[in-house]
Each structure stands twice: as C-alpha cells, then as structure tokens.
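**Student:** Remember, my numbering sits 22 above the position in the sequence shown when you count from 1. Idealized CB from N, CA, C, for every residue including glycine.
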Amino acid sequence: MWQFDDYFQEAIWTCPERTALVDSRKRINYREYAESIDQVAKGLIALGIKSGDRVAILLPNIIEYPVLFFAASKIGAISVHYNTRWRAPEIEYALNDTTPKILFMASKILTNDYQEMLGPVISKCSWLENVILIDGKPEISAITYEDFLEKGNEVDSSAFDISKAEKNQDVATILFSSGTTGRPKGVMLTEENLILNAGAWSRRIGIQKGYIQGFFLPLFHAGAWSGNVFMAIYNLGTLVLDVFEPERTLEIIEKEKISMMGCVATMISMMLNVPDLDKYDCSSLKLGLIGGAPVPVEVVRQAKEKLDMDFMIIYGLTESTNGNILTTLIGDTEVHKTETIGLPIEGYHVKIVDKERNESPRGEVGEIAIKGPIFKGYWNNPEETGKKKDKDGWLYSGDLGMIDQDGYFRISGRRDEMYIRGGENVYPVEVEDVIQKHPKVLYCAVLAIPDPVFNRVGRAYIVIKQGVTCTEEEIITHCRERLAVFKTPKEVIIRDELPLTGVRKVMKKVLKAEIEKEF
23 MWQFDDYFQE AIWTCPERTA LVDSRKRINY REYAESIDQV AKGLIALGIK
73 SGDRVAILLP NIIEYPVLFF AASKIGAISV HYNTRWRAPE IEYALNDTTP
123 KILFMASKIL TNDYQEMLGP VISKCSWLEN VILIDGKPEI SAITYEDFLE
173 KGNEVDSSAF DISKAEKNQD VATILFSSGT TGRPKGVMLT EENLILNAGA
223 WSRRIGIQKG YIQGFFLPLF HAGAWSGNVF MAIYNLGTLV LDVFEPERTL
273 EIIEKEKISM MGCVATMISM MLNVPDLDKY DCSSLKLGLI GGAPVPVEVV
323 RQAKEKLDMD FMIIYGLTES TNGNILTTLI GDTEVHKTET IGLPIEGYHV
373 KIVDKERNES PRGEVGEIAI KGPIFKGYWN NPEETGKKKD KDGWLYSGDL
423 GMIDQDGYFR ISGRRDEMYI RGGENVYPVE VEDVIQKHPK VLYCAVLAIP
473 DPVFNRVGRA YIVIKQGVTC TEEEIITHCR ERLAVFKTPK EVIIRDELPL
523 TGVRKVMKKV LKAEIEKEF
C-alpha cells in the first residue's frame, strides 16, 4: 500500500508547479512542499529524532504545520497535536502523557502568549530535548525555526533510506479527544487510517483533480487531516489555510476562488449574518462539508439561497479517523441531506446496538458502532481503549442514533452529557472539576443550553459556601484562566441550593427540565 511519500512523488511527477498550500503569508507549489518536508525531516534527524519518537505541534493554521506532520511521518516519528485553545495545565498534562522529544510552537496564538505560559511547564519536562519557536525571538530555552532548518543541512539525503528502513508502521499521529472523565485522551492513528479514509471521502464526494479547498477550522482536529490536508494531496488539489473570521473568510473565498470548504454549522450561520453579504463574490464555492454538530435545516436553506452552495453532512469521531457516514450529492433527497447523517462510506461498517451491544433492529434507537480503518487505541491508556473498542474491532461511539426506513442513519442524542459548542466537544464534568476548585464554591453543576450562534453553550449552577460572597464574573474568570474559551460557561447562576439525591449528587434531570421550560 502507498504511503504519504508516494503521493508526494506522484504530485512532483504530474504537477510540480501547481499550488499546493496557501496561508496568510505565502503559497507553495507541490515541488516546494516536498522540498520543505525533506528539509524539516533532515532537521529532525539532525536533532536525534528517530522512529517512534513523538514530535509535538502547537501551531496555528500555517503552512509549516502540515509540513511538520509529513516530515515526522517520513522518518517514522509520531506527530502529536496540541489544542491551541488549551491553557497551561491542559498542555502540561498532554506533555506528560506523550513525552515528546521536540516541541514546535508559536510565540502567540490569539490571546495565548505561549512563551510566558509554558516557560515554567517546559522547564519541568526533562524528556523534552528541544523547543523550536516558529516565530518571534526566543524568551525561553528554544531555538528559532530558521536555526532548526539550518541544522538540516548537516544531514545527507541518504539518511532517509535508513529512516525508511526503521520506520514505525504502527502509529503516524496522535490527536486528542476529550473523554467523559475530563482528561483528554491521545488517539493513535496510522497512515493507512488516513489514506483509506481520504480515498473513501474522495469517491463519495466525487472530487475533481486540481480543486481548491479552504480549511478554517484548527488543524489539531481529526477532520483536518484525512478530509482536508491529505485529501488535497490525494486529489492533487490546493488547500487554503486560515483562521475563521466571517468577513475575512468570505474575502479569502473570493480571492482564492475556493470551491469546497470544511466547516461547522456555526461558521455558515456567522457568514450568512455578515452585513452586505452580496458584495462578496462567492460563486466559486459549491460545496460545504459540515460536521461537528447537528446542522439546522434553516441554515442549509439560507446557505443555498444566499450562497448558492450545496452541503454534505458528515458524522464521525477522532477515534474513527474522521467522518465515516456522509450524505451524498446525487440521489439523496432534501430530507436525507438535512435530517439524516447519510450512509457509511466505503470501507466502513456501521450498526446500532443496545446497552448489551447486541445489534438493534431498524427504527430502534441505540448506540452507533463503527468498524473499519479506525484508531489503534488510546496512547498509554489500554483500559479506556478496551471500553471504547472491542476485540472484534468495533468502535462504540457513545452517540445515540437509529437507522430509518430508507436505511439512512439519524442522530438521536448523546449517551452522556457531552455537548457541542460551535463544533467543539465540551464535557461538563471537566468544567465542574475546575469550578469546584474555586475556594468559594460549595458544589456546582454544568449543563448545556441552546444558543443562536454556537448551537449549545454551557450554563453553570453554583452554590456558594456560607459566609462568603461571590459574583458570576468571578466564576467565569476562574474558568477562563484554567480552561479553553469554548469550555468556559457562557452563563453562571448562583443559587442558595440545588436539588440533590440521597447521596448528595445534583439532580441534573430537574435542572434539565427547568431549561426545557425556559427555552
């Protein structure tokens, strides 16, 4: 079976001058893409990175990110993706869990000053031999990206032959998926996972060679790789990377003549609400690949009317390599496209099971289970792997769904309390753990409430200890300092008491009933 490197060789042979990657600063063609990967791979070898070593990445959507990903894979190292919205405690946990030998990081991303934030954390990581700063002047123990590339000049290309012979075939990359315990889990994926998934996506979508795709979601998401970064290479296309800002994204679509984009429903809603939407020429945009959260029918209708674009709805998990159930452009009715998540793509089997994991009949709600090119397991966590994946290779999603009378899959809800805020999974128990550490908090509960922009947001119910006073803003500030922005509750309600069970647990079903009446 072909590896990533083989697809780059095909691109160099057939279209070396075709634009491969574009970001806000520059663009490179396929020849330059492959040369950059080789130079970074040499730099990794020069710093002693070997097959199986972890290469951590904490970067925004810039060209260097996919270059690092493929360079690590070229020598058998394992790329590890850190969420750029994490705060210091979350990154420290991930560093301790994956023990990378090298970390590539940006000085600042959005409001996060990573040199200031991670300086004390990095000093405690004895296994972290090198920190490479992509931009800015090092204020911590790090070297610049330019100096790192210079080190690669010391390595001969013959070193690739040795690396290829020793290449780790088991794991190509680790992407983090939060669990109901509140701790993120490292999901191990292989090159085969990503290649097979990208091929199946391409055939379902019917992609034309040389298309132009935009990706404005963070690259640390699973959806970035097989469905965007690698799918562009698989189809000899152009990938445009940037951060999502409604007006800016519309300008980029017009400038780059983007024909397809990966997105979540929240992004489309925000684009539709841009004043003077008509002034942007988005006639090139024909298809949106929407995942991450249920898609409101009205959003699809308005997007078709105002942007003249079609959609494919995607369902999948980080553990399943990305989307495994997609709607189609040809043959699906409007009901299928807007009210279902479609049919399994090539190479994947999907079923609905009951609580005992026995297959459920059509029309009955149960848990969605997936089999095919799925994750190898959780990094350093065989116990959780065993809960999620059985000996026969079935992955149990934790999501509830059903198969309708036409054989299409429909989402019915969540087995646990997880909610999706603007495409990001949020687990209330993690937020509750942080709030509970506030010195004034007696106990708390976090639930999801509807939101017109982000679909679902968090609301925290708080009971304060006797004899103290506390404001809603104090709780929100406490969360912002310890959690990613998307995990921080939008609302805080302070009460004298909350309904409790006999064993002193908050009766969330009572609070849920209140929310249902309110909305």
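#1: Taking only the alpha-carbon atoms, compute the straight-line gap between A244 and V193 and give it to the nearest angstrom.
#2: State the start and end residues of the unbroken beta strand (DSSP E) segment that holds A244.
#3: Please report the straight-line C-alpha distance between I124 and V153, rounded to a whole angstrom.
#4: Nearest to Q235 by CA position, among E278, R205 and G221, is which residue?
#5: Decide if N105 is buried, meaning its Cβ has at least 16 other Cβ atoms within 10 Å, or exposed.
#6: Residues in the same chain with beta-carbon distance under 7 angstroms from A68, minus the five sequence neighbours each way, listed in chain order, please.
#7: Please classify V62 as buried or exposed, where buried requires at least 16 neighbouring CB atoms within 10 angstroms.
#8: Roughly how many whole angstroms lie between the Cα atoms of N346 and M334?
#9: Could you give the first and the last residue of the continuous alpha helix (DSSP H) run that contains V9?
#10: Which residue's Cα is closest to the Cα of K377: A391, Y370 and G364?
#11: For I537 and K509, what's the separation of their Cα atoms in angstroms?
#12: Quick one: what's got a C-beta closer than 6 angstroms to L309's C-beta in the same chain, skipping five residues either side?
#13: Please return the same chain residues whose Cβ sits closer than 8 angstroms to the Cβ of D412, not counting the five positions on each side in sequence.
#14: Please specify which runs of the beta strand (DSSP E), each continuous and at least 3 residues long, are wholly inside the region 216–303, giving them in chain order.
#15: Using 8 angstroms as the threshold, is the C-beta distance between T212 and I100 below it?
#16: Would you call the CB atoms of E513 and V485 closer than 8 angstroms?
#17: State the Cα-Cα distance for the pair I457 and C501, rounded to the nearest angstrom.
#18: Can you check whether the C-beta of V143 is within less than 8 angstroms of a C-beta belonging to chain C?
#19: Since I believe I34 is in contact with A542 (beta carbons under 8 angstroms), could you give me their beta-carbon distance rounded to a whole number of angstroms?
#20: Whether or not the region 67–85 and the region 110–126 are in contact is what I'm after, with contact meaning three or more pairs of Cβ atoms, one per stretch, closer than 8 angstroms; do they touch?
#21: Just the C-alpha distance for Y370 and K398, rounded to the nearest angstrom, thanks.
#22: Is A470 helix, strand or coil when you go by DSSP?
#23: Report yes if the C-beta distance between I312 and I275 is below 8 angstroms; otherwise report no.
#24: Output the residue ranges of the beta strand (DSSP E) runs that lie fully inside the region 88–172 and measure 3 residues or longer, sorted by chain position.
#25: Let's test the definition: count the other Cβ atoms within 10 Å of the Cβ of N295 and tell me whether it reaches 16, buried, or not, exposed.
#26: Rounded to a whole number of angstroms, what is the C-alpha to C-alpha distance between E454 and L469?
#27: Suppose only complete runs of 3+ residues qualify. What are the beta strand (DSSP E) ranges in the region 467–538, listed by chain order?
#28: Helix, strand or coil: how does DSSP classify A42 here?
#29: For D332, write down the residues that DSSP places opposite it in a beta bridge.
#30: What are the start and end residues of the beta strand (DSSP E) that includes L348?
#31: With a 10 Å radius around its C-beta and 16 neighbouring C-beta atoms as the bar for buried, classify S291 as buried or exposed.
#32: Starting from H358, trace the alpha helix (DSSP H) both ways and give me its first and last residue.
#33: From Y87 to V143, what distance separates their C-alpha atoms?
#34: CB-CB under 6 angstroms to T203, same chain, minus the five flanking residues each way: which ones, in chain order?
#35: From E151 to F126, what does the alpha carbon distance come to, in whole angstroms?
#36: Let me make sure I understand the geometry here. Which of G65, F252 and I374 has the alpha-carbon closest to that of G429?
**Tutor:** Taking the structure as given:
#1: By 1-based counting over the sequence shown, the position of residue 244 is 222. By 1-based counting over the sequence shown, the position of residue 193 is 171. Going by the C-alpha atoms only, they are around 15 angstroms apart.
#2: By one-based count along the sequence shown, residue 244 stands at place 222. First-last for A244: undefined, no H or E at that position.
#3: One-based indexing of the sequence shown puts residue 124 at position 102. One-based indexing of the sequence shown puts residue 153 at position 131. Near 6 angstroms, if we compare the C-alpha coordinates of V153 and I124.
#4: Taking the first residue of the sequence shown as position 1, residue 235 is located at position 213. Cα-wise, what sits closest to Q235 is E278.
#5: Here residue 105 refers to the residue found at position 83 when the sequence shown is read from its first residue. Label assigned to N105: buried.
#6: In the sequence shown, counting from the first residue as 1, residue 68 sits at position 46. Counting only Cβ-Cβ distances below 7 angstroms, and skipping sequence neighbours, we find K173, G174, E176 and V177.
#7: Position 40 of the sequence shown holds residue 62. Its Cβ being crowded by 16 or more others within 10 Å, V62 is buried.
#8: The count along the sequence shown starts at 1 and reaches residue 346 at position 324. The count along the sequence shown starts at 1 and reaches residue 334 at position 312. Their backbone Cα atoms lie some 12 angstroms apart in a straight line.
#9: Only positions 23 to 541 of the chain appear in the structure, and residue 9 is not among them; the question remains open.
#10: For the purposes of this step, residue 377 is taken as the residue at position 355 of the sequence shown. Considering only alpha carbons, the answer is A391.
#11: Taking the sequence shown and counting its residues from 1, the one referred to as residue 537 is at position 515. Taking the sequence shown and counting its residues from 1, the one referred to as residue 509 is at position 487. Computed Cα separation, rounded: 19 angstroms.
#12: Against the sequence shown, residue 309 aligns to sequence position 287. The answer, listed in chain order, is M282 and D332.
#13: Here residue 412 refers to the residue found at position 390 of the sequence shown. R379 and Y418, listed in sequence order.
#14: 234–237, 260–263 and 282–285
#15: In the sequence shown, the residue the question calls residue 212 occupies position 190. In the sequence shown, the residue the question calls residue 100 occupies position 78. Cβ distance not < 8 angstroms, so T212 and I100 don't count as in contact.
#16: By 1-based counting over the sequence shown, the position of residue 513 is 491. By 1-based counting over the sequence shown, the position of residue 485 is 463. Not a contact, by the Cβ cut-off of 8 angstroms.
#17: Translated into the one-based positions of the sequence shown, residue 457 becomes position 435. Translated into the one-based positions of the sequence shown, residue 501 becomes position 479. Those two C-alpha atoms are separated by around 7 angstroms.
#18: Chain labels in this structure do not include chain C; a single protein chain is all it has.
#19: Outside the displayed range of the chain (23 to 541) lies residue 542, so it cannot be described from this structure.
#20: yes
#21: As a first step, residue 370 must be located in the sequence shown, where it is residue number 348. As a first step, residue 398 must be located in the sequence shown, where it is residue number 376. About 15 angstroms.
#22: Here residue 470 is taken as the residue at index 448 of the sequence shown, counted from 1. Three-state result, A470: strand.
#23: Counting from 1 along the sequence shown, the entry for residue 312 is found at position 290. Counting from 1 along the sequence shown, the entry for residue 275 is found at position 253. No, these two residues do not count as a Cβ contact at 8 angstroms.
#24: 100–103, 124–127 and 152–155
#25: As a position in the sequence shown, residue 295 is number 273, starting the count at 1. Its Cβ having fewer than 16 others within 10 Å, N295 is exposed.
#26: In the sequence shown, residue 454 corresponds to position 432, counting from 1. In the sequence shown, residue 469 corresponds to position 447, counting from 1. The straight-line gap from Cα to Cα measures roughly 10 angstroms.
#27: 477–486 and 513–517
#28: Working through the sequence shown from its first residue, we reach residue 42 at position 20. Note: A42 maps to strand in three-state DSSP.
#29: The sequence position of residue 332 within the sequence shown is 310, counting from 1. Partner(s): L309.
#30: Position 326 of the sequence shown, counting from 1, holds the residue named residue 348. L348 -> beta strand (DSSP E) spans N344 to L348.
#31: Your numbering for residue 291 matches position 269 in the sequence shown. S291 comes out buried.
#32: Locating residue 358 in the sequence shown gives position 336, where the first residue counts as 1. Run containing H358: E356 to E361, per the alpha helix (DSSP H) assignment.
#33: Residue 87 sits at position 65 when you count from the first residue of the sequence shown. Residue 143 sits at position 121 when you count from the first residue of the sequence shown. Their backbone Cα atoms lie some 22 angstroms apart in a straight line.
#34: On the sequence shown, residue 203 is found 181 positions in, with the first residue counted as 1. Reliability fails at T203, whose pLDDT of 44 lies under 50, so the model's placement of it is uncertain and the value that follows must be treated cautiously. Taken in chain order, the list of residues that qualify is empty.
#35: Working through the sequence shown from its first residue, we reach residue 151 at position 129. Working through the sequence shown from its first residue, we reach residue 126 at position 104. Spanning the two alpha carbons is a distance of roughly 12 angstroms.
#36: Here residue 429 corresponds to residue number 407 of the sequence shown, with the count starting at 1. Taking only the C-alpha atoms, the option nearest G429 is I374.
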